[in-house]
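S.K.: First the structure, then my questions, so here it is.
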Amino acid sequence: MLKPGQLVSVSIHSLTDKGDGIATLEGRPLYVERALPGERVEVSLTLVKPNYCHGSLLRVEQAASGRSEDFCPYTACGGCQLRVMDNGAQLALKRRLLLDALQATGLDCPVAETLGMAEPYHYRNKAQYAVQPGPYIGFYAKHSHQLVEADRCRVQAPVTAEVVQRVRGWMRQCAVPAYNEATGDGVVRHIMVRDGVNSGELMVVLVVAEPPAEPALEQLVAGLRSLAGLASLILNLNPKPGNRVLGPENRVLWGREAIVDRLDGLQFSISPLSFYQVNPRQTEALYREAVRLAGLSGDEVVFDLYCGIGTIALFMARQAHRVIGVELVPEAIADARANAERNGLANVEFHLGAAEQVVPALYAEGLKADVVVLDPPRKGCDQVLLETLVEMRPARLVYVSCNPKTLARDLAWLTDHGFVLEQATPVDMFPHTMHVETVALLTRK
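Listed below in structure tokens is the structure:
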């Protein structure tokens with residue numbers, strides 16, 4: 006009978022969607038962190054249930070060809086699940102995840118090699134650090150709110166380490182307490198850093214349950230103003246309990262209310278609440294691929310659905326006759342309109358509302374798209390929207406997705422209703438994680 010603490014030697018055959026290795030032990034799955042497919046590992050059982058087990062990796066008896074040294078000292082952090090897999094193996098894995106999702110729904114099309122990064126480190130332009138009484142500053146362990154202190158992170162912009170150090174020193178010097186999730190007492194909840202990688206501008210957002218005293222805020226400004234590139238220092242008020250990081254109210258402590266970054270020659274305004282892809286180098290690769298697949302000649306009407314702050318729409322507007330963006334979030338629409346004006350693009354317009362409501366209304370008014378770009382959240386597209394697109398019959402659909410399973414589901418439905426899946430390209434937007442972004446092309450039969 007299996008029991009916790011027992012040592013076993015097992016072969017890892019696959020990974021969970023969280024990056025844990027899976028072995029089979031006495032007919033049940035055994036989940037092992039930091040174990041890779043193709044490996045033989047020695048494991049100490051930590052949890053034994055009738056239908057599954059968990060184990061702690063003790064020793065790699067036979068390593069996979071793609072294994073590499075763990076580059077992070079914060080082994081309990083839940084952020085990078087594939088730290089022990091080399092870059093080439095990660096890219097192959099992500100292509101395999103996409104292929105498996107497509108094949109599971111009966112789809113078959115050319116799948117390109119994963120578009121990856123030559124140097125997949127320090128790629129994130131947005132960092133969110135949790136703060137707990139101590140003050141302790143870092144990231145959460147996997148599946149918990151247990152804080153793992155982390156001053157330096159290999160996937161964040163290097164400047165974030167300096168921000169953390171200065172904010173911690175300020176909290177101690179001014180006796181500003183961290184927020185306590187259990188009691189609701191305290192002040193500082195999170196530190197968010199947004200780095201305009203291509204512009205050099207920096208935003209620091211301090212998320213608080215209640216505003217600190219004014220003298221303390223003056224000390225904070227004095228302590229952060231000398232940060233290289235600092236253009237915006239924001240106090241965000243979030244008094245409500247729960248997991249939401251940012252509250253709705255922002256107060257500018259110093260500088261501007263937004264920073265500006267550049268993508269492929271376009272400028273974008275980024276506020277604390279803006280959605281903006283966190284990997285600018287790979288975002289350019291992804292959007293260039295989307296434009297290529299759109300096959301624009303300059304005469305097309307393009308719909309960009311779930312358009313966010315208008316990034317894809319503005320990429321398309323440089324080569325299309327007219328672009329119409331649709332987005333549910335009012336702040337994002339405001340940013341999108343400002344970004345279009347900032348870049349001098351008059352052939353793009355933005356509509357506020359849910360895509361499944363706005364697009365049928367536009368179609369009923371006689372407005373049709375030649376090309377439709379879809380970039381939905383992880384849950385995929387609404388059924389009403391897909392049905393409207395089938396009626397509209399655009400020549401091309403370019404589907405951008407962060408979830409291969411819901412992507413495959415929607416692509417299968419569209420191919421059953423008049424479209425042909427031509428190709429798909431995986432893009433490694435989040436190196437060292439199990440996430441894979443995809444851009445796929447469908448054409449009308």
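The numbers in my numbering rise by one with no breaks, and the one at position 334 of the sequence shown is 339.
Just so it is clear, CB atoms sit at the ideal spot from N, CA and C, and this is done for glycine as well.
Note that the coordinates shown come from a computational prediction; the quantities given were computed from them, not determined experimentally.
1) Between which two residues does the alpha helix (DSSP H) holding VAL202 run?
2) Out of PHE320, LEU207, LEU225, LEU268, point me to the one whose CA is closest to PRO277's CA.
3) Using only alpha-carbon positions, find the residue among MET197, TYR184, PRO182 that is nearest to GLU167.
4) At which residue ranges does the region 174-200 contain complete beta strand (DSSP E) runs of 3 or more residues, listed in the order of the chain?
5) For VAL226, I'd like the list of residues in its chain whose CB is within less than 8 Å of its CB, leaving aside the five on either flank, ordered along the chain.
6) Determine, using beta-carbon pairs with one atom in the region 11-24 and one in the region 33-47, whether at least three such pairs fall under 8 Å.
7) Quick one, which of ALA360, ASP25, ARG401 has its alpha-carbon nearest LEU390's?
8) For SER70, I'd like the list of residues in its chain whose CB is within less than 7 Å of its CB, leaving aside the five on either flank, ordered along the chain.
9) From the DSSP output, read off the bridge partner residues of CYS82.
10) Let me check understanding here. Comparing Cα to Cα, which of VAL160, LYS99, ARG249, LEU242 lies closest to LEU120?
11) Would you say the beta carbon of ARG398 is closer than 7 Å to some non-hydrogen atom of the ligand ADP?
12) Note down the Cα distance separating ASN408 from ILE142, rounded to an integer number of angstroms.
13) Report buried or exposed for LEU35, applying the criterion of at least 16 other Cβ atoms within 10 angstroms of its Cβ.
14) Could you check the C-alpha separation between VAL425 and LEU412 for me, to the nearest Å?
15) According to DSSP, is TYR141 helix, strand or coil?
16) On the DSSP bridge list, what partners appear for ARG327?
17) Beta-carbon separation of VAL192 and PRO182 under 8 Å?
18) Could you check whether the region 380-396 touches the region 431-439, counting it as contact only if at least three pairs of C-beta atoms, one from each stretch, sit closer than 8 Å?
19) If we ignore side chains and look at the alpha-carbon of each, how far apart do ARG449 and LYS410 end up?
20) Can you list, in chain order, the stretches of the alpha helix (DSSP H) that have 4 or more residues and sit fully within the region 383-414?
21) Rounded C-beta distance between ARG293 and ASP269? I'm assuming under 8 Å.
22) For a test of the three-state rule: what should DSSP assign to GLY228, helix, strand or coil?
23) Could you tell me which of PRO78, ARG39, CYS82, GLY83 sits nearest to LEU63, measuring between CA atoms?
24) What's the call for HIS150, buried or exposed, on a 16-neighbour Cβ count within 10 Å?
25) Could you name each continuous alpha helix (DSSP H) segment of 4 residues or more that falls completely within the region 326-358, going from the start of the chain to the end?
26) Assign VAL48 to one of three DSSP states: helix, strand, or coil.
27) Can you tell which of GLU346, HIS326, ALA290, LEU301 has the C-alpha that lies nearest to the C-alpha of ILE314?
28) Does the Cβ-Cβ distance between LEU291 and MET321 come in under 8 Å?
29) Is DSSP giving MET321 helix, strand or coil here?
30) Tell me the residue span of the beta strand (DSSP E) that contains PRO365.
31) Under a three-way DSSP split, which group does ASN92 fall into?
32) Can we say the region 70-88 touches the region 369-389, given the rule of at least three CB pairs closer than 8 Å?
33) Going by DSSP, what residue range makes up the alpha helix (DSSP H) through PRO431?
34) Should ASN248 be labelled buried (16 or more other beta-carbon atoms within 10 Å of its own) or exposed?
35) For the beta strand (DSSP E) that contains ARG256, what are its first and last residues?
36) If I measure Cβ to Cβ from LYS384 and keep anything under 7 Å in the same chain, skipping five residues before and after, which residues do I get?
M.R.: Taking the definition as stated:
1) Unbroken run through VAL202: none, as it is neither H nor E.
2) LEU207
3) MET197
4) 193-200
5) LEU238, LEU258, TRP259
6) The region 11-24 is in contact with the region 33-47.
7) ALA360
8) none
9) ALA146
10) LYS99
11) The ligand ADP is not part of this structure, which contains no ligands at all.
12) 30 Å
13) buried
14) 14 Å
15) strand
16) Residue pairing by DSSP puts ARG327 in a beta bridge opposite VAL306.
17) Contact flag set, yes.
18) no
19) Inter-residue distance for ARG449 and LYS410 is about 22 Å (C-alpha atoms, whole angstroms).
20) Segments of the alpha helix (DSSP H) lying fully in the region 383-414: 388-397.
21) 7 Å
22) helix
23) Measuring from the Cα of LEU63, the nearest candidate turns out to be ARG39.
24) exposed
25) 335-347
26) strand
27) Among GLU346, HIS326, ALA290, LEU301, the Cα nearest to that of ILE314 is on GLU346.
28) no
29) helix
30) Not the beta strand (DSSP E): PRO365 falls in the alpha helix (DSSP H), residues 360-369.
31) Three-state DSSP puts ASN92 in a helix.
32) no
33) It is not in any alpha helix (DSSP H) - PRO431 instead sits in the beta strand (DSSP E) that spans 424-432.
34) exposed
35) 254-260
36) THR411
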